[in-house]
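Enquirer:
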Amino acid sequence: MMSDSTTDGLAVIDAEVAAAESEAREAEALVRQLENRVIEGDATVTPDQISAQESLSRFARLRAQFTVNKAAKAQEAARLQACEALNAEIAAHAKDDGRRFSDQLKTAVDALRAFHDAVEERNVKVREFRQRAQALGVPEQLHTGPVPATHGGVRLTPGGDAGMSAGVKVGRLRVDGVDADTFMNRALDLLVREGKLKILGFIDAGEDLFGDLVRIDEEVPENTAKHFYRGPNGTVFRKDDPFTADEIKRAELTVITKAEADAE
Numbered sequence: 009m010m011s012d013s014t015t016d017g018l019a020v021i022d023a024e025v026a027a028a029e030s031e032a033r034e035a036e037a038l039v040r041q042l043e044n045r046v047i048e049g050d051a052t053v054t055p056d057q058i059s060a061q062e063s064l065s066r067f068a069r070l071r072a073q074f075t076v077n078k079a080a081k082a083q084e085a086a087r088l089q090a091c092e093a094l095n096a097e098i099a100a101h102a103k104d105d106g107r108r109f110s111d112q113l114k115t116a117v118d119a120l121r122a123f124h125d126a127v128e129e130r131n132v133k134v135r136e137f138r139q140r141a142q143a144l145g146v147p148e149q150l151h152t153g154p155v156p157a158t159h160g161g162v163r164l165t166p167g168g169d170a171g172m173s174a175g176v177k178v179g180r181l182r183v184d185g186v187d188a189d190t191f192m193n194r195a196l197d198l199l200v201r202e203g204k205l206k207i208l209g210f211i212d213a214g215e216d217l218f219g220d221l222v223r224i225d226e227e228v229p230e231n232t233a234k235h236f237y238r239g240p241n242g243t244v245f246r247k248d249d250p251f252t253a254d255e256i257k258r259a260e261l262t263v264i265t266k267a268e269a270d271a272e
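What the sequence shown shows, in the numbering used here, is residues 9 to 272, in sequence order.
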């Protein structure tokens with residue numbers, strides 16, 4: 009985005025262009041008026057008048073062209089200035105994102121790991137309770153009311169709700185196992201519903217998930233290629249080993265210098 013002062017400066021130049029072009033049109037109109045007067049029989053118009061007005065008209069048109077060129081140069085200078093400002097803004101904004109994103113994602117993954125481990129710790133205890141109750145001859149409770157006082161007020165649960173596994177019950181409290189996978193998948197589906205996640209079945213964790221994120225802000229290593237070519241559509245190719253003459257001809261490549269390749 010251009011600064012306010014630059015925008016104001018371009019607006020002034022645009023106004024100068026409009027004024028110069030208007031002046032040129034008016035001068036051309038005066039030439040046509042004199043010519044029409046001659047065509048209509050006005051003997052008072054002299055050749056010198058027409059020549060003088062044509063000269064003024066031509067000069068006005070040249071001045072208008074100068075103003076247009078001046079405006080084009082100013083616009084290009086403003087564009088380049090805005091590009092340089094954008095360059096600096098991009099460099100300043102993106103340099104720490106990789107580390108921040110990696111830390112955030114690792115925190116999320118560590119939280120899921122902690123959730124999984126905590127759930128499994130509970131499930132181990134629930135299985136132990138159920139095994140002890142079974143060893144003591146505690147039956148399943150086949151109704152939804154409170155646990156009767158018999159068998160010490162303990163019952164086996166016949167089965168859990170979605171994401172739960174059979175455990176034990178005391179009073180009105182069910183102590184069932186928890187399926188961590190079910191709840192973690194529900195959490196991911198919540199993000200999908202919110203438009204914050206798209207499940208990509210073809211993506212795996214890779215070798216270095218968090219390191220890959222850190223590296224998104226690293227500068228690209230300098231290319232060490234020694235041979236450079238431009239394709240028919242303008243694409244630049246950099247090669248350590250040169251293409252053969254036949255490959256160059258078949259692909260319609262043009263051999264260029266490193267300076268030309270780097271300027272693209």
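Glycine included, C-beta positions come from ideal geometry on N, C-alpha and C.
Computed from a predicted structure; not experimentally measured.
1) Please identify the residue among T75, D111, R163 whose C-alpha is closest to the C-alpha of E24.
2) By Cβ distance below 6 Å, which residues in the same chain neighbour G242 in space, the five residues on each side in sequence not counted?
3) Tell me, to the nearest whole angstrom, how far the beta carbon of G175 is from that of V183; I am working on the premise that it is less than 8 Å.
4) What residue range is occupied by the uninterrupted beta strand (DSSP E) comprising F245?
5) Using 8 Å as the cut-off, can you tell me whether the segment 30-43 makes contact with the segment 61-70, which would need three or more C-beta pairs spanning the two stretches below that distance?
6) Along the alpha helix (DSSP H) that carries A174, what are the first and last residues, could you check?
7) Taking only three categories from DSSP, how would you classify V162?
8) Rounded to whole angstroms, what is the Cα-Cα separation between L70 and E92?
9) Report the CB separation of K177 from T165 in whole angstroms; it is logged as a contact under 8 Å.
10) Please classify F210: does DSSP put it in a helix, a strand, or coil?
11) Do you know offhand how far R140's Cα is from R130's?
12) Who are G185's beta bridge partners in DSSP?
13) Under 8 Å, with one C-beta from each stretch per pair, do the segment 252-268 and the segment 209-222 reach the 3-pair mark?
14) I believe R180 touches P154 by the beta-carbon criterion, under 8 Å. Please report the beta-carbon distance rounded to the nearest angstrom.
15) So I207 and R238 are in contact, right, with Cβ under 8 Å, and what is the actual spacing, rounded?
16) Give me the Cβ distance between V39 and V46, rounded to the nearest whole Å; I'm assuming they're in contact under 8 Å.
17) If you compare alpha carbons, which of S59, R258, H235 is closest to K247?
Expert: If we stick to the structure as given:
1) T75
2) Within the same chain, G242 has no close Cβ partners at all.
3) That pair is a contact at about 5 Å.
4) In this chain, the beta strand (DSSP E) harbouring F245 covers 244-247.
5) At 8 Å Cβ cutoff, the stretches touch.
6) Note, A174: premise wrong, no alpha helix (DSSP H); beta strand (DSSP E) at 172-178.
7) strand
8) 33 Å
9) 5 Å
10) coil
11) 15 Å
12) S173
13) no
14) 5 Å
15) With a Cβ gap of about 41 Å, I207 and R238 do not count as contacting.
16) Going by Cβ atoms, the distance from V39 to V46 rounds to 11 Å, so no, they are not a contact pair.
17) H235
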